[in-house]
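In my numbering, the protein residues as written are 2 to 534.
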């Protein structure tokens, strides 16, 4: 009898494995085969060597890693910062002679520590971009002294059960000193599960910190209205309603997207959005004006179609609405948003992490790169069952078409976030996949014939939240926002790239700062970088 039961259990396990394999195979296919790339210029990328192999220890560290684009020496060619795993040095890499090479810049790191998040900004207005880094041990400032870094622990106050997963930087009281929103995630020793939605008091505590003027900080989380406990992946400061105040967008684990309106006087109000009454796993945040209406839109990754419902619903009640799909908020103005993921054909993809908007083919429309594969999900262990990472090109009708295989940017490793910058200065954005417990993958864009204009603002606090408009002689307007912290635990190039397709002249570049200051550059030369002083 026992043998029959064991045999039956064996058959059941085999059937379950077959179902999982079939599901994973289907999951990695394009869910929108009818959305083709016909009529699109599909950019072609060449993979080049990147000499960094991340080491992850899941018993000690959360499954995240830092990355950022930074021009350490102001030579116009940007470098790449990659955070190391537990007891692994951080790395800084330059693109030279067609490949990435590690360079030394004094990025000292404490022993037995893990680097989890990073952002870039010139904190002291000396003309050199600095690094702010979050680790298991806290938040660090690395001041850039002519291409060499000097690090100091900022000793930010954190709940004893909280790890600083990522940081967002801004100047919310306009005193010229950087303030921080520290996204808090429950520390490894206190993790109870990955699908806990309703347990009261479970999770990390995020913190809003006001700089005292000497890089010490006052915790204003409670007085600002942001005092609550919930695992948080990241936040981004961005002016969503054009009132010259930086609002705060937050992506929670096992929760909702929060769109916090800056009410002035250091107060924030939780405003409703399409995800407010749902339960999801929003992780990465991408910011871009995908439909060229002059307002910045928001994309959020999610668990997608990969894991089964009975696993990911966790402790959700039957009456709670669960949304597993990717999310795209169209900004309708006045703090109103519409989730257009379904109509734009981005809703029904798979388990994802960081995401970025960028115009990779310079046709004037924002494309979308998304990281995939979860190191903690057993079916993603075998390489053949892993996801490709999504590279979605936008069509003129504002739908997106999967083009990762055609473009050559397939990444089946455990990517935390994409990074983008124009490393070879040909105007066409290049792409990296920052991989956990594996080698970072670098893809250089082969370029093409489309025109472009790059705009570089001072890499200072005053630029955060600034809106840049490129007005062409055809009467069309492209817009972008100076963002610090897009992706996941990462920061992208702060040089804004505007694709012009076959447009051969630009009327003006208009830069509108949150301070109210406005700068206009008339008749800039296309296929160049406009530097705004």
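Cβ atoms here follow ideal geometry from the backbone N, Cα and C, with glycine treated the same way. All values reported here derive from a predicted model rather than from experimental measurement.
Check: Please classify residue 430 as buried or exposed, where buried requires at least 16 other C-beta atoms within 10 Å of its C-beta.; Outcome: buried
Check: Determine the DSSP secondary structure at residue 348, reduced to helix, strand or coil.; Outcome: coil
Check: Rounded to whole angstroms, what is the Cα-Cα separation between residue 406 and residue 318?; Outcome: 40 Å
Check: Determine whether the beta carbon atoms of residue 511 and residue 521 lie at a separation below 8 Å.; Outcome: yes
Check: Check this for me: beta carbons of residue 295 and residue 115, under 8 Å apart or not?; Outcome: no
Check: So the candidates are 438, 276, 195 and 119; which of them puts its Cα closest to the Cα of residue 170?; Outcome: 119
Check: Keeping to the same chain, check which residues put their C-beta closer than 6 Å to that of residue 76; ignore five residues upstream and five downstream.; Outcome: none
Check: In terms of DSSP beta bridges, what is residue 488 paired with?; Outcome: 286
Check: Could you spell out where the alpha helix (DSSP H) holding residue 407 opens and where it closes?; Outcome: 405-408
Check: Which class does residue 375 belong to by DSSP, given the choice of helix, strand or coil?; Outcome: coil
Check: Could you name the residues of the same chain whose beta carbon sits closer than 8 Å to that of residue 122, not counting the 5 residues immediately before and after it, in chain order?; Outcome: 130, 131, 133, 170, 179, 460, 461, 462, 465 and 485
Check: Which first and last residues belong to the beta strand (DSSP E) in which residue 392 is found?; Outcome: 391-395
Check: Skipping 5 residues on each side, what residues in its chain have a beta carbon closer than 7 Å to that of residue 243?; Outcome: none
Check: Should the segment 224-242 be called in touch with the segment 96-108, which here means at least 3 C-beta pairs below 8 Å?; Outcome: no
Check: Buried or exposed: which applies to residue 136, given that a residue is buried once 16 or more other Cβ atoms fall within 10 Å of its Cβ?; Outcome: buried
Check: Below 8 Å, how does it come out for the segment 233-252 and the segment 187-203: are there three or more Cβ pairs, yes or no?; Outcome: no
Check: So the beta strand (DSSP E) residue 80 belongs to, where does it begin and stop?; Outcome: 80-83
Check: Sorted by chain position, which residues of the same chain lie with C-beta nearer than 7 Å to residue 402's C-beta, five sequence neighbours on each side aside?; Outcome: 36, 37, 38, 41, 393, 394 and 396
Check: List the residues that DSSP assigns as beta-bridge partners of residue 89.; Outcome: Looking at the DSSP assignment, residue 89 forms no beta bridge with any residue, so it has no partner.
Check: Grab the span of the alpha helix (DSSP H) containing residue 193 for me, first residue to last.; Outcome: Unbroken run through residue 193: none, as it is neither H nor E.
Check: Can you tell me which of the three DSSP states residue 359 falls into?; Outcome: strand
Check: Are the beta-carbon atoms of residue 444 and residue 48 separated by less than 8 Å?; Outcome: yes
Check: DSSP puts residue 118 in a beta bridge; with which residues?; Outcome: 135
Check: Let me confirm a value: residue 413 is counted as buried when at least 16 other C-beta atoms fall within 10 Å, else exposed. Which label applies?; Outcome: buried
Check: Secondary structure at residue 565, three-state DSSP: helix, strand or coil?; Outcome: Residue 565 is absent from the structure shown; the chain starts at 2 and stops at 534.
Check: With respect to the beta strand (DSSP E) encompassing residue 167, which residues constitute its N-terminal and C-terminal limits?; Outcome: 163-171
Check: Since residue 531 and residue 491 should fall inside the 8 Å C-beta cutoff, what is the C-beta to C-beta distance between them, to a whole number of angstroms?; Outcome: Rounded, the Cβ-Cβ distance is 25 Å, inconsistent with contact.
Check: Nearest-angstrom Cα distance between residue 312 and residue 63?; Outcome: 20 Å
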